[in-house]
Amino acid sequence: MSAPGDLEAELAVAVRAARRAAAAILEHRTRPTVSTKPDGSPVTSADLAADAAIRATVRETFPGDAILSEEGVDDGARLSSRRCWIADPLDGTRHFIAGSDDFDTFVALSVDGAPVVAVTLQPATGLLLGAVAGGGAWIQEGDGPRRPLALSPGTPCRLATKAWLGAPGNLAALEAVASRVGGRLLQAAFSLCPRCFLPPRPAIDAMIGLSAGPPLDAWEWDVAPIDLIVREAGGAATDLAGGPLRYNQPVPRFASGLIVAADPGLHRGLVAALGR
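Right, here's the structure in full:
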C-alpha cells in the first residue's frame, strides 16, 4: 500500500524513524541502564537512544518541523508550528525492563492539530502498523508485504479499560456502559496500542478512558497512533462527547477522557451511553 502523494515522504520518514528507534532499543535490551523520572516512572538508556534516533531521522528530511516526544523537554516552541511530530520512543518501558516483548515505538505527524501519518512498531517481533489520513491503514510483519488493515467488532463486543480510569467508582460506571451496548468489560491493563485490537492478543473492540478524579494519564504521544490507525481501519476515536481529538495542544494530555472503538456504530452507542 502506498500513501497519498502529498504524504509519501512523511510516511517514509515515520517508518524509517520507527525502525531506527527499534534498532536502538534492541541494542540496549540485554543491559539497559534504568533511572527514575520526576513523576516516578522509569526511563532507560533504550528510551533515550530511541528518542535520539527519531529526532535525528525527522530532522534529516524535515528540519523545520516541531517534535513532541515523551522523552524530550517541551519548551512550547512547537505551538507556533502547523506540523508537529509526536513520538513515544518506547511505549511499555516497564515491560521492556521486565524482559517482555510487549513494548512498541510510536511515531505520528500532526498537521493543524490532526494526525495525518502514524506508525507503530513492535521491536521484538517487527510487527508494523501504519496509516495515512485518507489512505487507509495497513499491517506489515517483518519484511513481508503491507496488507490492508480493517477492524470488525466481535459479538458480544469487548470493552477494555485500565488503571488510568482515575477513580475506583468509574469501574461500576463502565460496567453499566458495557451492559447498555450489549458488551462485557475486560478488567485488564491494556496499553493504548493498536495491537490490542488484533489477535492473538485478547482482542478488544473498544477502549474507554474515563476520569472522575485525577487527570487521565493519556498523553498525545500515547494516543496519536491509535487514533489515526483505528479510524483509517474503519473505527472511531474521539473525546467522551464524540468530538475529534486535537493534537499539539499547550497541555498535550487528554485529561478528561477518550473513546476508541473498532466500529462506528459501537462508538456511537458508547458516546450515547456515557452521556446518560
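For the sequence shown, the working numbering begins at 55 and goes up steadily by one.
C-beta: ideal position from N, C-alpha, C; glycine also.
**Message:** For THR115, report the span of its beta strand (DSSP E) as first-last.
**Reply:** Note, THR115: premise wrong, no beta strand (DSSP E); alpha helix (DSSP H) at 99 to 115.
**Request:** For ALA295, I'd like the list of residues in its chain whose CB is within less than 8 Å of its CB, leaving aside the five on either flank, ordered along the chain.
**Result:** VAL325, GLY329
**Prompt:** Around the Cβ of ASP166, are there at least 16 other Cβ atoms within 10 angstroms (buried) or fewer (exposed)?
**Reply:** exposed
**Prompt:** Can the beta-carbon of VAL277 be found closer than 8 Å to that of LEU299?
**Reply:** yes
**Prompt:** In the structure shown, what three-state DSSP assignment does ILE258 receive?
**Reply:** ILE258 falls in the coil class under three-state DSSP.
**Prompt:** Thinking C-alpha only, which one of ARG322, ASP60, LEU320, HIS321 is nearest VAL186?
**Reply:** ASP60
**Cβ pair ILE262, ILE313 closer than 8 Å** = yes
**Reduced DSSP category for CYS138 - H, G, I as helix; E, B as strand; rest coil** = Note: CYS138 maps to strand in three-state DSSP.
**Asked** What three-state label does DSSP hand LYS216 in the structure shown?
**Response** Caution applies to LYS216, whose pLDDT of 47 falls short of 50 and renders its modelled position unreliable; the value that the coordinates give is listed next. In the structure shown, LYS216 sits in coil (DSSP, three-state: anything other than H, G, I, E or B).
**Request:** Look at the alpha carbon of SER164 and the alpha carbon of GLY208, and state the distance between them as a whole number of angstroms.
**Result:** 31 Å
**Prompt:** Got a sec, what are the start and stop residues for the beta strand (DSSP E) ALA75 sits in?
**Reply:** Taken as a continuous stretch (DSSP letters only), ALA75 belongs to no beta strand (DSSP E), being part of the alpha helix (DSSP H) at 62 to 81.
**Which listed residue (VAL171, GLU81, PRO86) has its alpha carbon closest to that of VAL112** = Relative to VAL112, the option among VAL171, GLU81, PRO86 whose CA is nearest is VAL171.
**Asked** Does the count of Cβ pairs from the region 108 to 126 and the region 280 to 287 closer than 8 Å reach three?
**Response** no
**Asked** Is it buried or exposed for ASP155, if we count other Cβ within 10 angstroms and need 16 for buried?
**Response** exposed
**Item:** Residue range of the alpha helix (DSSP H) that includes VAL325
**Value:** 318 to 328
**Request:** Measure from the alpha carbon of SER134 to the alpha carbon of each residue in ARG200, ILE280, ASP259, PRO304, then state which is nearest.
**Result:** PRO304
**Message:** Here's the rule I'm using: 16 or more other beta-carbon atoms within 10 Å means buried, otherwise exposed. How should THR179 be labelled?
**Reply:** exposed
**Message:** At the level of alpha carbons, what is the spacing between ASP105 and ASP93?
**Reply:** 19 Å
**Asked** Looking at the structure shown, is SER310 part of a helix, part of a strand, or coil, going by DSSP?
**Response** coil
**Message:** Measuring straight from C-alpha to C-alpha, what distance separates SER206 and ILE280?
**Reply:** 15 Å
**Asked** Whose CA, out of ASP317, VAL88, PRO269, PRO117, lies closest to the CA of ALA290?
**Response** ASP317
**Request:** May I have the straight-line CA-CA distance separating PRO143 from ILE108, to the nearest angstrom?
**Result:** 7 Å
**Asked** Where does ALA287 fall in DSSP's three states?
**Response** ALA287 carries a coil assignment under DSSP once its states are collapsed to helix, strand and coil.
**Message:** If I follow the unbroken alpha helix (DSSP H) through PHE150, where does it start and stop?
**Reply:** Where PHE150 is concerned, the enclosing alpha helix (DSSP H) stretches over 147 to 152.
**Message:** Let me confirm a value: LEU219 is counted as buried when at least 16 other C-beta atoms fall within 10 Å, else exposed. Which label applies?
**Reply:** Low confidence applies here, because LEU219 scores a pLDDT of 41, under 50, leaving its location unreliable; read the following figure in that light. Buried, by the Cβ-count rule.
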